[in-house]
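One structure is given below, encoded as structure tokens.
Residue numbers (full-length UniProt numbering): 1 to 287.
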């Protein structure tokens, strides 16, 4: 019998890569907030159901008949509540397993609001009585896509100071999630995987790797938090998210991301992708 997997956050970076990694292993059902994101998913053969993680009354139909849930909630002040709503809908529907995308070093005393909210959501899942696995990735290499214009012009302008970060390719996150999901629900039950790339790099070093992979000089220019804030607000990013991004940046300056783990290889059987490989695979993005 083909198992049904419900995807939340189905159009995001990691979920898109997860869909690719899973192939036809599952019957895929995606929870979408509205029709805007549903059409593209249906074109890929994915069943779509409209619902809102912020409104538990809209969720029963999405969870009916589901065996496994890939739980990803959007960043925002209601993230823990949205995760809780999904977990309780899963319980009521008889779901067997939830695999949840959390945040690196999620804890109640973490330096970022995102990690503190994820700690609450992780604790709720752990107490749910469901089989569960939690995935906590470090900074995505794909975040560099947001800087593609500057990188094409030869500069990376971020507020990371001299902090080092064990940044990870979202494709590796997706492949870990896929390995967990295709395994028996008991195999990775109560496991927490912290995912990083193969090395912790400063952004000076990251700029060098970018330049090597692209065949032209790229330099890192540290900027103040206010520069990043002004830029993001100018793009229409909510202030809550802008503040969260700057909290992460300050934490990374203070060494919060200066580590690597072996969890990608532990789960997938292969080493994580390095930054050079990531840039070569996406060189068209950077001009």
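C-beta atoms are modelled at their ideal positions from N, C-alpha and C, and glycine is treated no differently.
query: Cutoff 7 Å; reference residue 152; Cβ partners in own chain excluding five residues on either side; result: 286 and 287
query: Local Cβ density within 10 Å of residue 226, reported as buried at 16 or more and exposed below that; result: exposed
query: Residue 124 Cβ short of 7 Å to the ligand COA heavy atom set; result: With respect to the ligand COA, the structure offers nothing, as it holds no ligand at all.
query: CA-to-CA distance, residue 1 to residue 240, given in whole angstroms; result: 44 Å
query: Classification of residue 137 by the beta-carbon crowding that lies within 10 angstroms, buried from 16 upward; result: buried
query: Residue closest to residue 139, alpha-carbon to alpha-carbon, out of 98, 109 and 171; result: 171
query: Neighbourhood of residue 221 by C-beta, 6 Å cutoff - its chain only, sequence neighbours within 5 removed; result: 155 and 157
query: Cβ-Cβ distance between residue 42 and residue 48 below 8 Å; result: yes
query: Proximity of residue 244 and residue 85 at Cβ, strictly below 8 Å; result: no
query: Closest residue to residue 160 among 33, 269, 254 and 282 (Cα-Cα distance); result: 254
query: 4-residue-minimum alpha helix (DSSP H) runs that sit fully inside the region 229-263, ordered along the chain; result: 239-253
query: Beta-carbon spacing of residue 66, residue 110 below 8 Å; result: no
query: Sequence-distant residues of its chain with Cβ nearer than 8 Å to residue 233 (five each side left out); result: 239 and 242
query: Contact set for residue 178: own chain, Cβ-Cβ below 7 Å, skip 5 residues either direction; result: 18, 21 and 22
query: Cβ neighbour criterion (16 or more within 10 Å) applied to residue 294; result: Since the first residue shown for the chain is 1 and the last is 287, residue 294 is missing from the structure and cannot be characterised.
query: Beta-bridge pairing of residue 222 - partner residues as DSSP gives them; result: 158
query: Option nearest residue 144 by Cα separation, candidates 260, 55, 36 and 209; result: 209
query: As assigned by DSSP and simplified to three states, the class of residue 202; result: strand
query: C-alpha distance - residue 97 paired with residue 131, whole-angstrom precision; result: 5 Å
query: Best match in 284, 34 and 267 for proximity to residue 149 [C-alpha to C-alpha]; result: 284
query: C-alpha gap between residue 270 and residue 264, whole angstroms; result: 7 Å
query: For residue 206 and residue 122, the rounded distance between their alpha carbons; result: 31 Å
query: Distance between residue 278 and residue 45 (C-alpha atoms, nearest Å); result: 28 Å
query: Straight-line gap, residue 71 to residue 249 (C-alpha atoms, nearest Å); result: 25 Å
query: CA-to-CA distance, residue 219 to residue 197, given in whole angstroms; result: 21 Å
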